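Counting in our numbering, the sequence shown runs from 73 upward without gaps.
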Amino acid sequence: MLNGKRILLIVAGGIAAFKSLELIRRLRERGAAVRCVITDAGARFVTPLSLQALSEDRVYSDMFSLTDESEMGHIQLSRDADLLVVAPATANILARMATGMADELATTVLLATDKPVLAAPAMNVRMWTHAATVANVETLRRRGVHFIGPNDGAMACNEFGPGRMSEPEEIVAAIEAMLAPAERPPQERPLAGKRAVVTSGPTREAIDPVRYISNHSSGKQGHAIASALAALGADVTLVSGPVAIADPPGLRTVHVDSADQMLAACLAAGRIDIAVCAAAVADWKAARPAGSKIKKKAGMAPPSLELTANPDILATLSKSGPQRPALVVGFAAETENLVANAIDKRQRKGCDWIVANDVSSAAGTFGGERNTVHLISAEGVEDWPTMAKDDVALRLAGRIALQLGRPRRAAAAE
Ligand SMILES: Cc1cc2nc3c(=O)[nH]c(=O)nc-3n(C[C@H](O)[C@H](O)[C@H](O)COP(=O)(O)O)c2cc1C
73 MLNGKRILLI
83 VAGGIAAFKS
93 LELIRRLRER
103 GAAVRCVITD
113 AGARFVTPLS
123 LQALSEDRVY
133 SDMFSLTDES
143 EMGHIQLSRD
153 ADLLVVAPAT
163 ANILARMATG
173 MADELATTVL
183 LATDKPVLAA
193 PAMNVRMWTH
203 AATVANVETL
213 RRRGVHFIGP
223 NDGAMACNEF
233 GPGRMSEPEE
243 IVAAIEAMLA
253 PAERPPQERP
263 LAGKRAVVTS
273 GPTREAIDPV
283 RYISNHSSGK
293 QGHAIASALA
303 ALGADVTLVS
313 GPVAIADPPG
323 LRTVHVDSAD
333 QMLAACLAAG
343 RIDIAVCAAA
353 VADWKAARPA
363 GSKIKKKAGM
373 APPSLELTAN
383 PDILATLSKS
393 GPQRPALVVG
403 FAAETENLVA
413 NAIDKRQRKG
423 CDWIVANDVS
433 SAAGTFGGER
443 NTVHLISAEG
453 VEDWPTMAKD
463 DVALRLAGRI
473 ALQLGRPRRA
483 AAAE
């Protein structure tokens, strides 16, 4: 529930603006108060009157209205909110946010705010995949803006692909994940007070400024684990390699490229209780990455690539010592001898548990929605049934809570 939460909804000028009306209705059903700011282009798609009727509040659009500035200026609009939601977030408003523009009320509020911001992008697939939008989204993510969607699907412009705004109920769920965890009763937060680091996605190891070594990891499993731990009350830092999926709401995401950066980000998180290393870290990197693009010259033999080992993040975090997390969980992605290799890996790395998963192309794990895993611990091997990655994450987080969580009675006594 969102009882008493105040959402400032910024409606920009996209075809999906009609879904914002449904979003207001659903947020209000959950107990939230919604106040709307609409851009000039947004007002071409839905009327301020509809937003006003559904939110039962004034709708703001003009930065220079004297009444607005004296009674409800742009700073006050942000101060009065717990969360700013941009839905739909057009390519244009994302670009203006990324460059720090404040040329009308919506962007001025977004620049002036210190509140969390959730953006629900909606645009034509080519606009979403354009290098300019990709760079703007990356910039905003690094600055802490949360994203939900876009989804894949048929679009109003008769094209298919990513660009459809998330459905109102998905946006509400993301908002609840951002605002509600602290409100869950203590018995539902067995990991409250625990700090976790989760690594996710691939790493990219530069060969030269334009080429790199990487792998097919999508980050879906690692991101889902980070969300599941946060839902159980843990204070989570997600260290993510380059992925095409949104930062999960309700936790901190640090974006990195290389294994060296990923290790540094894990260590920078300080003292932690739980480490889950779900990232597919490249084992090797170029021994001497070139400072400029390696040129192909006529008649030249292909250059050889000398590799050197990357730092072993799982082994480093598993090292015993006062800073060692109470529980270190690694992942073993194998294409053959899955369980035997994973048992061996647990011993070599010194971690507590290994989640072993089959990443042969037949299993469809990389990029897919489902995963078949085995949990390997000192007690033995547990075979889990094939499940959605979100369910694997929930089950793993539940097991971590059982292992580390405070006893229910003590938690309930708080
Ligand atoms: C019919 C129509 C539909 C549009 N749909 C979208 C859209 O879904 N996403 C988008 O980013 N821009 C869309 N645009 C373009 C934006 O309206 C335009 O970039 C505008 O300047 C956005 O302003 P704002 O970001 O201040 O709201 C559309 C334009 C028209 C005419």
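A virtual CB, placed ideally from N, CA and C, is assigned to each residue, including glycine. Only a predicted model underlies this, so the values are computations on that prediction, with no experimental measurement involved.
heavy atom of ligand 1 below 8 Å from residue 168 C-beta: yes
Inter-residue spacing [alpha-carbon to alpha-carbon] between residue 227 and residue 99: 25 Å
Burial state of residue 248, where buried means 16 or more other Cβ atoms lie within 10 Å: buried
Exposure of residue 79, with buried meaning 16 or more beta-carbon neighbours within 10 Å: buried
Rounded distance between the beta-carbons of residue 357 and residue 335, thought under 8 Å: Actually they are not in contact, since the Cβ atoms of residue 335 and residue 357 sit about 12 Å apart, beyond 8 Å.
Burial state of residue 176, where buried means 16 or more other Cβ atoms lie within 10 Å: buried
Alpha helix (DSSP H) segment containing residue 200, residue limits: 197-201
Contact set for residue 184: own chain, Cβ-Cβ below 7 Å, skip 5 residues either direction: 146, 147 and 150
Alpha helix (DSSP H) segments (min. 4 residues) lying fully within the segment 125-199: 138-143, 146-151, 163-170 and 177-184
Span separating the alpha-carbon of residue 216 from that of residue 207: 14 Å
Residue 454 beta carbon near ligand 1 (any heavy atom closer than 8 Å): no
Cβ neighbour criterion (16 or more within 10 Å) applied to residue 308: buried
Any non-hydrogen atom of ligand 1 within 8 Å of residue 116 CB: yes
Endpoints, the beta strand (DSSP E) within which residue 388 is located: Not the beta strand (DSSP E): residue 388 falls in the alpha helix (DSSP H), residues 385-390.
One or two residues paired with residue 77 in a DSSP bridge: Note: residue 77 sits in no beta bridge, so no partner.
Beta-bridge pairing of residue 349 - partner residues as DSSP gives them: 271 and 402
Reduced DSSP category for residue 334 - H, G, I as helix; E, B as strand; rest coil: helix
Beta-carbon gap between residue 82 and residue 178 smaller than 9 Å: yes
Where residue 492 falls: helix, strand or coil (DSSP): This structure cannot settle anything about residue 492, because the visible part of the chain is limited to 73 through 486.
is_contact[residue 307, chain C] using C-beta, thresh 9 Å: The structure shown contains no chain C; it holds only a single protein chain.
Straight-line gap, residue 180 to residue 174 (C-alpha atoms, nearest Å): 4 Å
From 111, 218, 330 and 264, residue whose alpha carbon lies closest to that of residue 345: 264
Beta-bridge partners of residue 231, as assigned by DSSP: According to DSSP, which records beta bridges pairwise, residue 231 is partnered with nothing at all.
Residue 462 - DSSP class collapsed to helix/strand/coil: helix
The alpha helix (DSSP H) enclosing residue 107, as first and last residue numbers: Careful: residue 107 lies outside any alpha helix (DSSP H), inside the beta strand (DSSP E) at 105-110.
heavy atom of ligand 1 below 8 Å from residue 199 C-beta: yes
Near ligand 1: residue 86 beta-carbon under 8 Å from a heavy atom: yes
Given residue 299 as reference, the closest of 201, 470 and 160 once Cα atoms are compared: 470
Cβ contact (3+ pairs, closer than 8 Å) linking the segment 371-386 and the segment 347-355: yes
Inter-residue Cα distance where the pair is residue 310 and residue 373: 42 Å
According to DSSP, residues forming a beta bridge with residue 357: 380
Residue 176 CB to nearest heavy atom of ligand 1 below 8 Å: yes
Whole-number beta carbon distance between residue 352 and residue 274, since they are thought to touch under 8 Å: 5 Å
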